[in-house]
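See below for the structure under consideration.
In the numbering used here, the protein residues as written are 555 to 740.
Structure below.
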């Protein structure tokens, strides 16, 4: 073998190895499936002693976010923005009113209902593996199983609550967060 061949073989082996272990896009999340807000309504997130997070969400505008796209007003806004489909079918509208625009259909379990708007998994990630009580009791394990807890909540909220939204109004994070905050009592 020539000198070039001896140098090329290790390089090819290294590249091949990297290709095998290189993460693909968001593949760490793809092993987790979306289960829907109704899965979170069990004993854990609807009891007063745990903070009744489900009721807080269910009474919020987030729970009805997708429904707002199914109105004549939403369709008028979509038309004014130059879209040719109803608001509830327009990806630029859907992306902030429910989950699903950029998620493969195979990642949703039958219990998931996109009409429930901006729901638990919109912020906390797909819950198929962290939904179990024994997992949720251990914060480290729950995050390893897909739970997302945003350190920069305001930045995350601003992904949708921003001037690009056609119905944007001044978004004052602190009072708005108080309306949707759902801590677990200590």
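The beta carbon of each residue, even a glycine, is placed where N, CA and C say it ideally should be.
- DSSP lists 662 as the beta-bridge partner residues of residue 588.
- Just so you know, the alpha carbons of residue 737 and residue 606 end up roughly 9 Å apart.
- For a cut-off of 8 Å, the C-beta gap from residue 666 to residue 588 is around 5 Å, short enough to register as a contact.
- Around the beta carbon of residue 735, fewer than 16 other beta carbons lie within 10 angstroms, which makes this residue exposed.
- With a cut-off of 8 Å on Cβ pairs, the segment 608-621 is not in contact with the segment 678-686, counting fewer than three such pairs.
- The Cβ-Cβ distance between residue 590 and residue 670 falls below 8 Å.
- When the five nearest sequence neighbours on each side are left out, the beta carbons in the same chain lying within less than 8 Å of the beta carbon of residue 632 are those of 639, 640, 641, 644, 647, in order along the chain.
- Per DSSP, the continuous alpha helix (DSSP H) segment holding residue 607 begins and ends at 607-612.
- In this structure, DSSP gives residue 714 a state outside helix and strand, which the three-state scheme calls coil.
- If you ignore the 5 residues before and after residue 672, its C-beta comes within less than 6 Å of the C-beta of 616, 619, all in its own chain and listed in chain order.
- Your pair residue 594 and residue 674 checks out as a contact, with CB atoms roughly 5 Å apart and the cut at 8 Å.
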